[in-house]
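Chemist: Just remember that my numbering sits 1289 ahead of the position in the sequence shown, which is counted from 1.
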Amino acid sequence: MKIILVVLSLFLMSFSYAQQTDCVDFKRVEALIVFNQLAIDSTTYNSYQVHFDMLNPKDSIYLDAVGMKFDHVALNNKAVEFKNDGEKLIIYYDFKKGQSHELSFIFFNAPKKAIYFLGWENEGKNQIWSQGQGKYTSNWLPSIDDVNDKIEFDLKFLAPKDYQVISNGKLKSKIDNTGNVLWDYDMESPMSSYLVAVAVGEYNKKTETSKSGVPLEFYYYPEDSLKVEPTYRYSKRMFDFLEEEIGFAYPWQNYKQVPVHDFLYAGMENTSLTIFSDAFVVDSIGFNDKNYVNVNAHELAHQWFGDLVTAKSGEHHWLQEGFATYYALLAERDISGDDFFYFKLYESVVELGRQDISGSGTSLLDPKSSSLTFYQRGAWVLHALKDKVGNVVFKQAVKNYLEKHQFASVETSDFISEVERLHGRSLSAFVNLWIKQKAFPYDKAFEVLKRQSTFINEYAMVDCEAKSSKCADYLKYYVSDEAKVKVISQVPELVTSAVFKNSLKVRQAISQHVTKIPEALKSDYESLLDDKSYITIEKALYNLWVNFPVERSKYLSKTRNVVGFSDKNVRLLWLVLNLNTPFYQADNKQELYNELVSYTDEKYNADVRINAFQYLDMIKSCDSECKKNLEAAKSHHNWRLVKFAKQLSEQLEQNKN
Ligand SMILES: [Zn+2]
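As structure tokens, then:
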């Protein structure tokens, strides 16, 4: 049975800003959302309320509300004239300046985007989760699409009792109601509508408290209790660090983090509720290659930069992404050290330089900029600015900026003017160079790094692009792991037995770049299969299988129980290699093939499915079951999977002809 979202609302509101915000101040929304098996348009129940103040006279007001139906629409408890144009609910009335009103209604909808129902028709996990940024919350909840309208949203949800419901703010109460539970969440402060969120599913949670007393809640699937520590490693430490570093107390009542299935992005910084992809739920080995630390810090930093102060328009988007990227990097520096920090900044200089060479660089104020520009160039602006004005001025300016503009929206000049005031000098030359001009100031950035980090100096010096006699020595003596990785990628043939004695990172580079394995290195290379890295194991297994055909049985036996990341990278490779090792008869090949095909089914996450489709295509064995699943993948909510599925089926069609 398809679960349909039936939404009832209890509205109390008052917004501000935007065009109609010159006239209306919506303050607070109270809504009750019912998740159950009711069919659309079936039942009406519940009461509702809306409160707002008129700042100026107007003959109508509106809420954004896509594809909804309304009933019992009333203003101050009296029926009122309204229009539902499918995009907006418009209320007609002779609104006078200074009046306060209460609008109420009931609404129904079956949203097509911005909220997603997963697995309800299948076995496995049942989940509901929302994504408001880029999708508009008004697809499932009447709200305001303009980010400049900040409203206090207090949401209630009715959901079947086996599920947890997690939303913005503090859980006030949870009341059992014959098979269902009523969850009552309370916000104290206003936010933009795109930050409203809910996640519903089967979860356990671990709780901690920050140094400043903020409750932290870490949600996880019941079967993932062993993954809680590696997944959420450093969460509290980073929270405490950011509060201290930003110098402005965390602005919301609590902080919750919830993994969801097949999420559209890595993570989303909904107010007090970060939703992130369950691909980041890792065990202690997965942690070494692909952990949640950076995304965790990034979304947390957004709670200030994005949620507390919000960019007025796309032009100022870097005030969200640049700040979140930079503060995440600072939090990681606290954990992983200076060399890590400078190396990340170095990598982004290289990428930004490449982007400019390819002709796709833009001014940071161009709303059509790439993520690289918004995130990495934005972070670089802050790093260079701090270098120019000094740490003390920079920190105080950030603090002032947040204090002055809290719960409001901002533009670039709001931040720069705070820095200028404390710095005592104009920053217009800086702004032109780093923010406004199209080209990223590559040389200046590199200069800053070289001045700040001997590590980067060394890294830049070690270069075997043009092979020199020194290159073999680099691998023998002390240079950083990063520099060794660079040498291995440039001259893999220089790897000797001794090089295997290095760290996980260097050994991973061997597995990636030494694809022709000399007999003399065979046993060293085989030891890579024991590394605590699923990337290393995957690469090493493949290279060993190719290089030493006689030993294939040995390699397959050794790795038969390794699954890998949540995309099952090692397991899928293992299946394909096994199917292609006819003399290895430890398994029933038909069963292995069936297992491989089963991973294309919709009950697996998008990454597993993409990997499985790719392998089946590679071995030219996409059978009718696989094709059926490929067809179904084309209408998935995850755009990456859809794009992939469309491309592959086109290709299969072409091959047929
Ligand atoms: Zn972000």
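Ideal placement from N, C-alpha and C gives every residue a C-beta, glycine not left out. Fair warning: this is a prediction, and the values are worked out from it, not measured in the lab.
Spatial neighbours of ASP1813 within its chain, please: C-beta separation below 7 Å, excluding the five flanking residues on both sides.
Modeler: Here the set comprises SER1786 and PHE1789.
Chemist: Between LYS1677, ASN1689 and TRP1863, which lies nearest to ARG1714 when the distance is taken from Cα to Cα?
Modeler: Cα-wise, what sits closest to ARG1714 is LYS1677.
Chemist: Give every residue whose Cβ lies closer than 6 Å to any heavy atom of ligand 1, listed in chain order.
Modeler: That gives HIS1587, HIS1591, GLU1610 and ALA1613.
Chemist: Quick one: using the 10 Å Cβ neighbour count with 16 as the cut-off for buried, is LEU1653 buried or exposed?
Modeler: Buried, since its Cβ has 16 or more Cβ neighbours within 10 Å.
Chemist: Which residues in the same chain have their Cβ closer than 7 Å to the Cβ of LEU1661, if we skip the five residues on either side of it in sequence?
Modeler: Same-chain partners within the cutoff: GLU1640, LEU1641 and GLN1644.
Chemist: Mapping the DSSP letters down to three states, classify VAL1699 as helix, strand or coil.
Modeler: Strand at VAL1699.
Chemist: Tell me where the alpha helix (DSSP H) around HIS1591 begins and ends.
Modeler: Segment 1582 to 1591, the alpha helix (DSSP H) holding HIS1591.
Chemist: Applying the 10 Å Cβ sphere with the 16-neighbour rule, what's the burial state of ARG1796?
Modeler: By the 10 Å Cβ count, ARG1796 comes out buried.
Chemist: Count the other CB atoms, across all protein chains shown, that sit within 10 Å of the CB of ILE1745; report buried if there are 16 or more and exposed otherwise.
Modeler: Buried is the call here.
Chemist: For ILE1380 versus LEU1392, is the C-beta distance shorter than 8 Å?
Modeler: A contact, by the Cβ cut-off of 8 Å.
Chemist: Return yes when the Cβ of VAL1859 is within less than 8 Å of the Cβ of GLU1827, no when it is not.
Modeler: Contact flag set, yes.
Chemist: Taking the beta carbon of TRP1472 as the centre, do at least 16 other beta carbons fall within 10 Å, making it buried, or is it exposed?
Modeler: Result: buried.
Chemist: Between which residues of its own chain and LYS1917 is the CB-CB distance below 7 Å, once the five residues before and five after are set aside?
Modeler: None.
Chemist: Are the Cβ atoms of ASN1836 and LEU1861 separated by less than 8 Å?
Modeler: Not a contact, by the Cβ cut-off of 8 Å.
Chemist: Quick one: measure Cβ to Cβ for LEU1505 and SER1524, integer angstroms, because I've assumed they're closer than 8 Å.
Modeler: Confirmed, Cβ separation roughly 7 Å.
Chemist: Are ALA1673 and LEU1711 closer than 8 Å when you measure CB to CB?
Modeler: The answer is no: Cβ separation not under 8 Å.
Chemist: With H, G and I counted as helix, E and B as strand and the rest as coil, what does DSSP make of ALA1755?
Modeler: Three-state result, ALA1755: coil.
Chemist: Which word fits LYS1945, buried or exposed, when buried means at least 16 other C-beta atoms lie within 10 angstroms of its C-beta?
Modeler: It counts as exposed.
Chemist: Does the beta-carbon of GLY1611 have 16 or more other beta-carbons within 10 angstroms, so that it is buried, or is it exposed?
Modeler: With 16 or more other Cβ atoms within 10 Å, it is buried.
Chemist: I'd like the ranges of any beta strand (DSSP E) spanning at least 3 consecutive residues and lying wholly in the segment 1650 to 1699.
Modeler: Here the runs fully enclosed are 1697 to 1699.
Chemist: Are there 16 or more other CB atoms within 10 angstroms of the CB of MET1954, so buried, or fewer, so exposed?
Modeler: With the chain running from 1290 to 1946 in the structure shown, residue 1954 is simply not present.
Chemist: Where in the segment 1701 to 1730 do unbroken runs of the alpha helix (DSSP H), each at least 4 residues long, occur, reported from the N-terminal end onward?
Modeler: The segment 1701 to 1730 contains these whole alpha helix (DSSP H) runs: 1701 to 1712.
Chemist: Give every residue of the same chain whose Cβ lies closer than 8 Å to the Cβ of LYS1401, excluding the five residues on either side of it in the sequence, and list them in chain order.
Modeler: So the qualifying residues of the chain are GLY1356 and ASN1428.
Chemist: Within its chain, find whatever has a CB closer than 6 Å to the CB of LEU1866; leave out the 5 residues flanking it on each side and keep chain order.
Modeler: The answer, listed in chain order, is TRP1834.
Chemist: Please report how far the alpha carbon of GLU1914 lies from the alpha carbon of MET1557, in whole angstroms.
Modeler: Their Cα atoms are separated by approximately 34 Å.
Chemist: Rounded C-beta distance between SER1800 and LEU1817? I'm assuming under 8 Å.
Modeler: Contact flag correct, Cβ pair sits at about 5 Å.
Chemist: Would you mind sorting SER1514 into buried or exposed? The rule is 16 or more other CB atoms within 10 Å of its CB.
Modeler: So SER1514 ends up on the exposed side.
Chemist: Compute the distance between the beta-carbons of LYS1377 and TYR1351, then report whether it is under 8 Å.
Modeler: Yes, these two residues count as a Cβ contact at 8 Å.
Chemist: How would you call THR1701, buried or exposed, if buried means at least 16 neighbouring beta carbons within 10 angstroms?
Modeler: Buried.
Chemist: Using only alpha-carbon positions, find the residue among ASP1890, GLU1533, GLN1940 and ILE1824 that is nearest to ALA1921.
Modeler: Per the Cα distances, ASP1890.
Chemist: Can the beta-carbon of VAL1313 be found less than 8 Å from the beta-carbon of PHE1359?
Modeler: Not in contact: VAL1313 and PHE1359 (Cβ atoms no closer than 8 Å).
Chemist: Can you have a look at GLU1709 and say buried or exposed, based on whether 16 or more other CB atoms are within 10 angstroms of its CB?
Modeler: With 16 or more other Cβ atoms within 10 Å, it is buried.
Chemist: Select from TRP1541, VAL1547, PHE1530 and SER1481 the residue whose C-alpha is nearest the C-alpha of PRO1511.
Modeler: It is VAL1547.
Chemist: At 3 residues or longer, what runs of the beta strand (DSSP E) sit wholly inside the segment 1543 to 1630?
Modeler: Those beta strand (DSSP E) runs which fall completely within the segment 1543 to 1630 and span 3+ residues are 1544 to 1549, 1556 to 1559, 1562 to 1566 and 1598 to 1600.
Chemist: What's the gap between the Cα of ASN1894 and the Cα of HIS1550?
Modeler: So the alpha carbons of these two residues sit roughly 7 Å apart.
Chemist: Quick check on the burial criterion: 16 or more other C-beta atoms within 10 angstroms. Buried or exposed for ILE1564?
Modeler: ILE1564 should be labelled buried.
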